[in-house]
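Chemist: Quick one: the structure is below, questions incoming.
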Amino acid sequence: AQSVSQHNHHVILSEAASLELGCNYSYGGTVNLFWYVQYPGQHLQLLLKYFSGDPLVKGIKGFEAEFIKSKFSFNLRKPSVQWSDTAEYFCAVNAGQAGTALIFGKGTTLSVSS
Amino acid sequence: DTGVSQDPRHKITKRGQNVTFRCDPISEHNRLYWYRQTLGQGPEFLTYFQNEAQLEKSRLLSDRFSAERPKGSFSTLEIQRTEQGDSAMYLCASSLTPGTGKQAYFGEGSWLTVV
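The listed protein sequences correspond, in order, to chains B and R.
If you use the working numbering, the first sequence corresponds to residues 1 to 114, in order.
If you use the working numbering, the second sequence corresponds to residues 1 to 115, in order.
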């Protein structure tokens, strides 16, 4: 069965600090990988996704993620965070060809102080 | 707004009562998913539909839960004989048939509190 592990439960940063959130998954086949963000009081929104091709994917709001197949990882990065990035971040995976439901990690709460 | 809409947004019910949530997906989307999310956890998959056919159900979906999508458009999720452990946010998402580039779009969720 697929599973997703997010290493950091709560991350606290100051504005302009760099961010890296870890995500590892367990699944031996082709996977699609996603990062979703949930701002306070809002619905889940897609930040970025990886299906194939360049393992370094760029998303909205300056976020990027790198797929490292050998490490089963899909870490999220941002060079300089802003107060408005305060939110909960979820890594998710689904089996590529089967295309079934997303399996989510438990999420990482990011708090950015100004 | 042409996104995924869910109703009601909040529901407080007494233990033992039945509740029903409705989800209206993005109109051209043929896939519809239900998830449950509790505090401090990521969304947990419950079930999904391809048009009107329910293709997969999680072991989390006990006999008290039933979902339908009768005409392949909106969907309902009913919980019978609610228990306090059912208190959670119930999320609906929709997508086109998965394949490259087909992301899921989420609604704002329906909060259930069982007292």
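Quick reminder that beta carbons are idealized off the backbone N, C-alpha and C, glycines included.
Predicted model, so just to flag it, every value in this text is computed and none were measured.
Run through chain R and tell me which residues come within less than 7 Å of residue 43 of chain B, C-beta to C-beta.
Modeler: Within 7 Å Cβ-Cβ: 106, 107, 108 and 109.
Chemist: Could you tell me which residues DSSP pairs with residue 90 of chain R in its beta bridges?
Modeler: Per DSSP, R/36 and R/110.
Chemist: Measuring straight from C-alpha to C-alpha, what distance separates residue 6 of chain B and residue 49 of chain B?
Modeler: Each residue's alpha carbon lies about 16 Å from the other.
Chemist: Is it a yes or a no for the segment 29–43 of chain R touching the segment 59–79 of chain B, going by three-plus beta-carbon pairs under 8 Å?
Modeler: Cβ pair count under 8 Å is below three, so no.
Chemist: Taking contact to mean 3 or more Cβ pairs, one atom from each stretch, closer than 8 Å, check whether the segment 13–31 of chain B and the segment 90–99 of chain R are in contact.
Modeler: Judged by Cβ distances under 8 Å, the segment 13–31 of chain B makes no contact with the segment 90–99 of chain R, as fewer than three pairs qualify.
Chemist: Using a Cβ-Cβ cut-off of 6 Å (strictly less than) and excluding sequence neighbours within five positions of residue 43 of chain R, which residues of its own chain qualify?
Modeler: Here the set comprises 35, 37 and 91.
Chemist: Check each candidate in B/16, B/20 and B/2 and name the one with the smallest Cα separation from residue 8 of chain B.
Modeler: Ranking the options by Cα distance to residue 8 of chain B, first place goes to B/20.
Chemist: Got a sec? Which residues, its chain only, sit under 6 Å from residue 18 of chain B by beta carbon, not counting five neighbours each side?
Modeler: Once the five neighbours on either side are set aside, the close Cβ partners of residue 18 of chain B are 79.
Chemist: Since residue 69 of chain R and residue 49 of chain R are thought to touch, with beta carbons under 8 Å apart, how far apart are those beta carbons, to the nearest angstrom?
Modeler: The pair is a contact, with the Cβ atoms about 4 Å apart (cut-off 8 Å).
Chemist: Which whole runs of the beta strand (DSSP E) in the segment 30–89 of chain B are 3 residues long or more, in chain order?
Modeler: With a minimum length of 3 residues, the continuous beta strand (DSSP E) runs that stay inside the segment 30–89 of chain B are 31–38, 45–50, 56–58, 64–68 and 73–78.
Chemist: Check whether the segment 107–114 of chain R touches the segment 4–11 of chain R, taking contact to mean three or more Cβ pairs, one atom from each stretch, closer than 8 Å.
Modeler: Counting Cβ pairs under 8 Å, three or more are found: they touch.
Chemist: Step through the CB atoms of chain B and report whether any lies within less than 7 Å of the CB of residue 42 of chain R.
Modeler: At least one chain B Cβ lies under 7 Å of residue 42 of chain R.
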